[in-house]
Amino acid sequence: MDASVTTPLLHGQSEFHDGHGLPTPASYGQVQDHPAFLRACHSPWRSFSQNHLCWVRGGIVAYLTAVGAMVLDYKLRKEESPYSDWRVVFDFSVVTFSLLLAYHAVVLGWTYTHLYHPHIEETSTGWEYWALRTLSLPYDMASLRKQFYFTLFYTTATVFTFMNTVIYWFVTLEHDDKNTGEPPKPQPSGGSALADMIGDSFAYEWTSLEDAHKNGPHEPFTEIFGKGWYKAFVIINLFGITSVVSLIEIFWLNSIKRPFGVGAHTLGVIFFAGLYLGWAAIGKVETGADAFYWLNEKNVGSREAVVASSIGFVILAPIMYAFMYGLVGMRENMARAAHTRRVAAAAAVAGH
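Reading the sequence shown from the start, the letters are residues 1 to 352 in the UniProt record's numbering.
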């Protein structure tokens with residue numbers, strides 16, 4: 001099997017072309033390089049072989065598929081809601097999870113066919129050819145337009161995943177905790193108001209301490225762990241593990257570089273964040289359910305607060321893209337440093 005198929009795309013392999021007729025990665029600072037499609041199929045680390053990469057990607061897709069089935073089961077059968085089951089289609093966490101799963105499924109197909117079936121034209125049977133053609137890398141991979149569409153899709157899936165995690169743990173969960181907490185009961189009139197207030201405070205605190213010992217986890221973990229392992233498993237995967245998977249993808253599973261069209265990608269994630277708010281508005285009309293509590297005027301107090309929250313949601317998209325951009329830059333610097341050390345070690349050995 002051709003070495004270009006089985007080894008990561010690393011700098012310093014300038015003497016050969018791969019089986020697709022593509023030039024090997026250019027020296028640092030040059031524009032010429034592998035297309036983003038190929039970089040998605042190769043780890044930046046030499047020790048991470050293509051065979052291992054296929055197994056890891058397959059495991060991630062299998063895990064996400066199983067978790068996705070559990071998420072749908074929880075939201076459709078176990079989560080209490082007065083609204084239609086179609087509300088799930090407009091749920092931001094479900095949309096985000098679907099994008100992440102779609103990305104990993106597509107790239108798994110590319111990685112597998114690139115390794116085991118690099119020349120699908122040699123396949124004679126019709127159905128097998130079309131199956132491999134569907135799973136394999138696209139034609140005309142050097143097309144800048146196609147590369148932009150793919151990197152924008154990858155960027156949007158990753159940015160939405162980070163947004164989903166941040167919004168849940170720092171906004172939604174805090175709001176749910178405040179709504180589930182029980183305030184002190186009102187006292188009858190008469191007597192000293194100050195004495196009643198102090199007495200109520202001590203009674204409430206003592207009751208809270210007793211409840212904490214009796215019922216186990218308390219705020220903010222009651223919302224997650226207070227109702228059985230199934231809900232906790234779904235929530236942790238939906239709002240935590242997905243971001244961990246995205247981090248693993250950035251640092252170990254692909255070697256996609258930071259795009260040159262940073263402005264276009266920034267506008268792209270802003271556009272898709274706004275597009276989702278439109279999708280959520282359609283969901284509100286069709287099902288009556290709000291995608292987020294802050295999209296309901298009754299919850300936040302005014303229409304202006306809803307508009308401000310929506311603007312904050314859109315602004316969060318480029319912030320998370322900047323975070324992702326920085327992570328990719330860190331990985332590039334780490335890979336570059338590893339390559340430099342290998343070159344220096346090889347030169348030292350050759351000198352002796």
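Even glycine gets a Cβ: it sits at the ideal position worked out from N, Cα and C.
Start and end residues, alpha helix (DSSP H) containing residue i
i      : result
Ile60  : 50-73
Ile236 : 229-236
Ser93  : 92-116
Val244 : 242-248
Tyr83  : Taken as a continuous stretch (DSSP letters only), Tyr83 belongs to no alpha helix (DSSP H), as it is neither H nor E.
Asn164 : 144-167
Thr172 : Note, Thr172: premise wrong, no alpha helix (DSSP H); not H, not E.
Thr125 : Looking at the DSSP string, Thr125 is not in any alpha helix (DSSP H), and its letter there is neither H nor E.
Phe37  : 36-40
C-beta contact flag for residue i and residue j at 9 Å
i      : j      : result
Val234 : Tyr74  : yes
Ala102 : Ile256 : no
Met320 : Val269 : yes
Ile167 : Phe292 : yes
Asn254 : Ala40  : yes
Leu108 : Val94  : no
Phe90  : Ala289 : yes
Trp169 : Phe239 : yes
Met324 : Phe162 : yes
Arg258 : Val343 : no
Glu286 : Trp55  : no
Asn333 : Val67  : no
Ala264 : Leu152 : yes
Same chain, Cβ closer than 8 Å to residue i, neighbours up to 5 away in sequence not counted
i           : result
Val349      : none
residue 363 : Outside the modelled stretch of the chain, which goes from 1 to 352, sits residue 363, for which no answer is possible.
Trp45       : Pro8, Trp252, Ala335, Ala338
Neighbourhood of residue i by C-beta distance below 6 Å, restricted to the same chain and skipping five residues each side
i           : result
Glu297      : Arg303, Val306
residue 406 : Because residue 406 is not part of the residues shown, which for the chain are 1 to 352, the question remains open.
Arg57       : Leu108, Thr111
Any non-hydrogen atom of the ligand ZN closer than 8 Å to residue i Cβ
i     : result
Leu38 : By its list of ligands, the structure shown contains no ligand whatsoever, and the ligand ZN lies outside what it can speak to.
Residues near residue i in its chain [Cβ-Cβ closer than 7 Å; skip 5 each side]
i      : result
Ile60  : His104, Val245
Asn299 : Tyr293
Leu275 : none
Ala317 : Val159, Met163, Val269, Ile270, Ala273
*Residue ranges of each alpha helix (DSSP H) run of no fewer than 4 residues wholly in the stretch 265-345, ordered along the chain?*
The qualifying runs are 297-300.
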